Structures are given as structure tokens and as C-alpha cells.
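Protein chains in written order, with the numbering used here: chain A, 101 to 339; chain B, 10 to 299.
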């Protein structure tokens, strides 16, 4: 319109500078707002990184593709708030790499399933969902309670997450294996575990070895339980 | 490159002046309607940027001049719903069960609320209609572990069983087998006794006196002399046809060896007191209420 196209077509240097300028504008518009992304995530009391057993449970959740049927995101819709509880906030998935919001809602939303059912129920339901909920479409995951949990790489997993910004302390990582075993054993002394990871729920376990079901149940039982929405500070942070 | 702009004989349009091996390019402009729609879209984008929450910057983000917030909207919608329900829920919350039952209209509201709450929260364990499952008590059967009056049910729903709540119903059957309180042979004997005497599987000529002795020494404190159970400590009634963990003899052995201690969550962190009363009325009316 204002600049003759011919100038760019005939001058390689001008074309280079012009292209660079155009791409820079696109880049800046896309990238610069991300520098302030921190300011859009509310900082809410109670959010903590996953305990080692919960973390492994989360890995199993991802491996088995639970997110293909279950969302973990209570939307700001009246009916969802009515059924599942307070809508999800960004801070609740700040330590999820990647987040498990999901998009298919074939099964119920799991964002606040923690504490809704007993541990025993979760074990039985994972084994055979139809035995408890006849109309359920969920496949059977009986093998989870028969498969020993791989625990020898827990330190590596936590260290990796630390490089992604999850604030595991050296203390957390040094005690990872002990914490994992303590949470999977109902008879173990849990004071230290709960000190590091408040509200961590013990899995029932089978008394012999830590299974994948133990990890998954520990993960499910903490979902959505960390934030106390009755807290006035939390109310104030709502945008 | 551009040679010279000339008029195309067929279309009557100018060419761009580009030519490759004798092929020339027509300089056809974009249709006007398309071009102006495109400009309008860019303009509208800026208007929407201005009106609605859009771009993050510095300490926050642009909130938009409309004050649009999905969170505020859902809060308002829930508040509206709460206000409508408040009329009935306040009454349900403040009146006694007897008073609610005396008001047919209010009772209908409470039962409806109870039914919906039950379906979402209780049914996964207790089954549709309170039919129960192995390990999850039937509510319609009248065989209560902790009591089946309205007040009992309300207490159980509110605080749960072995839930960790301060007022939860709590009891723990000793691990007779796992902790070595009884020898495996003794467990078999006491299972024989319970199986034949209370479960009604008497075998001619079977001597269960050894089991009866063990039962008298270890079990009657909670389960009662005649296996009638004790609701104060949630000890199940044994002399009935409804058994929490199944009807087989092996379940008696398993339960004496290493008892399962069922957990019911406390619902006071998820349901408000009036809704708990409503679901109590519903559960009570399922068929087993006392």
C-alpha cells in the first residue's frame, strides 16, 4: 500500500530486515505476556507438592489414561459447583506436570474426589467397578493391586520435577523412599510424612508390598482436599 | 523482475507486471465485501480486548470495562439458588424430625433433596435404594450396626465411622488371628460355633462346645451372649441373615483373623447440616428406619 513491494523484492538486505521485523512483532505478542503469567495464578494456602506415593499414583493415573474419561476440573458452572463442590482454581494444579484437567467427561469429575469414599471402596472399585456401581462403564483395574510399585526411581522422578519448578526440598528428596513406604503402610508412624506433606492420606496396603493400587488410592484420596475454601484468605484471593 | 503492467485482453484487468516464461499474472483485487469484513473483524477484536478480560501485564491483567467474571457469575447463580432453597432448608435445619414429618409439603422437599443427595454421595457404596454391597451395609434392611433411628442416622452421616472426625463412631475388633490372641485351630472352632449356632447351618452330631467356650471368653462382650450384637460399639448382630462381609463360613474365619474395619467418610465437610437431615429422612424411609 504505502511501501512499494518492489523495494523488498529487489533488495535482499531490506527483505531480511523486513521479515525479521514482522516475525519479531508476532513473537513479542505471543511471548511477552507469558513473562507475567505468575501474576495470574493465585497463591493459595495449603497447596503443596505431591508426596512420593501420591506422585507415583499420579504417574499410574497418567499411564492408565484415566484422564481419557475423567476430568479434574470443576468448571464455573452452577450445576458442576452443585454436584462436585467449589470450582477448581489454577493453583490447585500448579504442581501438575502436565495438568490432568482432561476434556472428556465420560466418568465423573475427580477434582474433589479425595475423602468422598473410603480407601476400601477405592480398592474394590478399581478392581471391579460394576461390583459397586452396576451401571458403571469403567474397565477393571484388578492388576493394579497385584502389581508391585516401582519405587527405586522415586528420587530421580522428584529431582526431575524440581528442575521444572516443583519446590521439593533436599530433605523431601532424601526422605523420599521412607515417606513413600510410610504412606503405604497403615501401621507406620506418619508424623514426619504429614509434617512434610500435610493432609497426606495413608493407603491401606496389603501388608506385604507396595502395589500400584496403593499409590493410585493415595493420589485419589488427596485430590481437591488441599485448599480450605472456608478460609477468608482464600476468599479474598478470588478474582 | 516486473516488466510492464499491461491490460489483459480477455478479463480486462491489469497484470501485475510479473512474467515467467511468457506466463503473466492478473492483478485481481480481493472482493470488497471480504476485505471490509476482514478489517471489521480486526476492529471488533480490539473492542473485545477492551471490554473483556484479555491480556496479562505487570502486576495483573486487563480486567475489561464490562467487569465480566465467570467466577462472579457462578457465585451469583449459586447464591440465587441458595436463596430459593433457603426457605425450605432453613426450616429443615431448625425443625425437629417430628415437626418436619408433620408438614407434608416440607417433608416432600426434604425427601427430594435427600434422594438427590443420596444418589450422588451415598449410592456408590450403599447401592441404589440402600441395597448395600459386601462390606457396605444395606440401609433398607433394618439390620443396623450403629442404630437406625433418625438421630442415629444423622450422627453417622454427619461424623462418619472411623473417618478421623473427632465425633466419628469408632470401634476396632481385635485382630484375634493376626495378633496371635487365638490360635488358628481355635479360630476354626469359634467359626464352627458361629456358623452353626447363629448362621443357622447346624450339622447333626457336630460338637461346637469348644467354639462356644472361646466365643464366651472373647466375643460376647461386644457381640452378646446370643450374638445379638451391640450398637453402642457397632458390633454387628451375628444371629441374623444379613452379614456385612458375606454369608460364607470363610468370611467368619477371615473376620476373626484380621477384621476389616469399614470406614464411612464424615459428610459434615461436604454437605450442610440441613441437607444431612434431608438425607437422613430419606435413608430412614428406605425401609429399615426405626
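Backbone N, C-alpha and C fix where the C-beta goes; we use that ideal spot for every residue, glycine too.
Predicted model, so just to flag it, every value in this text is computed and none were measured.
Whole-number beta carbon distance between residue j and residue i, since they are thought to touch under 8 Å
{"i": "residue 232 of chain A", "j": "residue 244 of chain A", "result": "The pair is not a contact, with the Cβ atoms about 16 Å apart (cut-off 8 Å)."}
{"i": "residue 247 of chain B", "j": "residue 120 of chain B", "result": "Not quite, the Cβ-Cβ distance comes to about 33 Å (not below 8 Å), so this is no contact."}
{"i": "residue 206 of chain A", "j": "residue 187 of chain A", "result": "No, residue 206 of chain A and residue 187 of chain A are not in contact; Cβ-Cβ is about 21 Å, not under 8 Å."}
{"i": "residue 210 of chain A", "j": "residue 326 of chain A", "result": "Wrong, their Cβ atoms sit about 14 Å apart, outside the cutoff."}
{"i": "residue 133 of chain A", "j": "residue 64 of chain B", "result": "6 Å"}
{"i": "residue 178 of chain A", "j": "residue 90 of chain B", "result": "7 Å"}
{"i": "residue 368 of chain A", "j": "residue 287 of chain A", "result": "Residue 368 of chain A cannot be examined here, being either before or after the span of chain A that is shown, 101 to 339."}
{"i": "residue 171 of chain B", "j": "residue 272 of chain B", "result": "5 Å"}
{"i": "residue 253 of chain B", "j": "residue 184 of chain B", "result": "Contact doesn't hold; Cβ gap of about 17 Å is too wide."}
{"i": "residue 251 of chain B", "j": "residue 147 of chain B", "result": "6 Å"}
{"i": "residue 264 of chain A", "j": "residue 310 of chain A", "result": "Between residue 310 of chain A and residue 264 of chain A the Cβ distance is about 25 Å, and since that is not below 8 Å, they are no contact."}
{"i": "residue 83 of chain B", "j": "residue 181 of chain A", "result": "6 Å"}
Residue(s) in a DSSP beta bridge with residue i
{"i": "residue 69 of chain B", "result": "B/66"}
{"i": "residue 142 of chain B", "result": "B/145"}
{"i": "residue 23 of chain B", "result": "B/16"}
{"i": "residue 239 of chain B", "result": "B/244"}
{"i": "residue 35 of chain B", "result": "B/24"}
{"i": "residue 107 of chain A", "result": "DSSP, once it has assigned bridges, lists no residue as partnering residue 107 of chain A."}
{"i": "residue 29 of chain B", "result": "B/32"}
{"i": "residue 273 of chain B", "result": "B/170"}
{"i": "residue 311 of chain A", "result": "A/248"}
8 Å Cβ cutoff, residue i in contact with chain B
{"i": "residue 233 of chain A", "result": "yes"}
{"i": "residue 318 of chain A", "result": "no"}
{"i": "residue 136 of chain A", "result": "yes"}
{"i": "residue 339 of chain A", "result": "Interpretation of residue 339 of chain A is limited by its pLDDT of 46, a score under 50 that renders its predicted location unreliable; no figure is taken from the coordinates."}
{"i": "residue 286 of chain A", "result": "no"}
{"i": "residue 220 of chain A", "result": "yes"}
{"i": "residue 115 of chain A", "result": "no"}
{"i": "residue 177 of chain A", "result": "yes"}
{"i": "residue 308 of chain A", "result": "no"}
{"i": "residue 322 of chain A", "result": "no"}
{"i": "residue 101 of chain A", "result": "Legend: pLDDT at residue 101 of chain A = 49, less than 50; position of this residue unreliable, value from coordinates given subsequently. By this cut-off, residue 101 of chain A is not an interface position."}
{"i": "residue 152 of chain A", "result": "no"}
{"i": "residue 181 of chain A", "result": "yes"}
{"i": "residue 299 of chain A", "result": "no"}
{"i": "residue 241 of chain A", "result": "no"}
{"i": "residue 267 of chain A", "result": "no"}
{"i": "residue 187 of chain A", "result": "yes"}
{"i": "residue 165 of chain A", "result": "no"}
{"i": "residue 118 of chain A", "result": "no"}
CB contact check: residue i to chain C, cutoff 8 Å
{"i": "residue 282 of chain B", "result": "Absence of chain C from the displayed structure is noted, the protein chains being A and B."}
Cβ-based burial, residue i [other Cβ within 10 Å; buried from 16]
{"i": "residue 50 of chain B", "result": "exposed"}
{"i": "residue 5 of chain B", "result": "Since the first residue shown for chain B is 10 and the last is 299, residue 5 of chain B is missing from the structure and cannot be characterised."}
{"i": "residue 192 of chain A", "result": "buried"}
{"i": "residue 75 of chain B", "result": "exposed"}
{"i": "residue 254 of chain A", "result": "buried"}
{"i": "residue 56 of chain B", "result": "exposed"}
{"i": "residue 216 of chain A", "result": "buried"}
{"i": "residue 119 of chain A", "result": "exposed"}
{"i": "residue 104 of chain A", "result": "exposed"}
{"i": "residue 43 of chain B", "result": "exposed"}
{"i": "residue 245 of chain B", "result": "buried"}
{"i": "residue 172 of chain A", "result": "buried"}
{"i": "residue 53 of chain B", "result": "exposed"}
{"i": "residue 101 of chain A", "result": "Residue placement at residue 101 of chain A is flagged as unreliable, the pLDDT there being 49, under the threshold of 50; a coordinate-derived value is accordingly withheld."}
{"i": "residue 224 of chain B", "result": "buried"}
{"i": "residue 66 of chain B", "result": "exposed"}
{"i": "residue 152 of chain B", "result": "buried"}
{"i": "residue 128 of chain A", "result": "exposed"}
{"i": "residue 20 of chain B", "result": "exposed"}
Chain A within 8 Å of residue i, Cβ atoms only
{"i": "residue 159 of chain B", "result": "no"}
{"i": "residue 178 of chain B", "result": "no"}
{"i": "residue 168 of chain B", "result": "no"}
{"i": "residue 83 of chain B", "result": "yes"}
{"i": "residue 48 of chain B", "result": "no"}
{"i": "residue 139 of chain B", "result": "no"}
{"i": "residue 240 of chain B", "result": "no"}
{"i": "residue 90 of chain B", "result": "yes"}
{"i": "residue 142 of chain B", "result": "yes"}
{"i": "residue 134 of chain B", "result": "yes"}
{"i": "residue 146 of chain B", "result": "no"}
{"i": "residue 273 of chain B", "result": "yes"}
{"i": "residue 79 of chain B", "result": "yes"}
Inset, instruction - At 4 residues or longer, and completely inside the segment 152-239 of chain B: list those alpha helix (DSSP H) runs for me, N to C. - result: 159-168, 193-206, 218-227, 229-232
Legend entry - Complete alpha helix (DSSP H) runs within the segment 136-209 of chain A (minimum length 4 residues, chain order): 152-163, 178-184
Inset, instruction - For the segment 212-290 of chain A, list the alpha helix (DSSP H) runs that are entirely contained and at least 4 residues long, ordered along the chain. - result: List check, alpha helix (DSSP H) in window: 219-227, 254-263, 270-274, 276-283.
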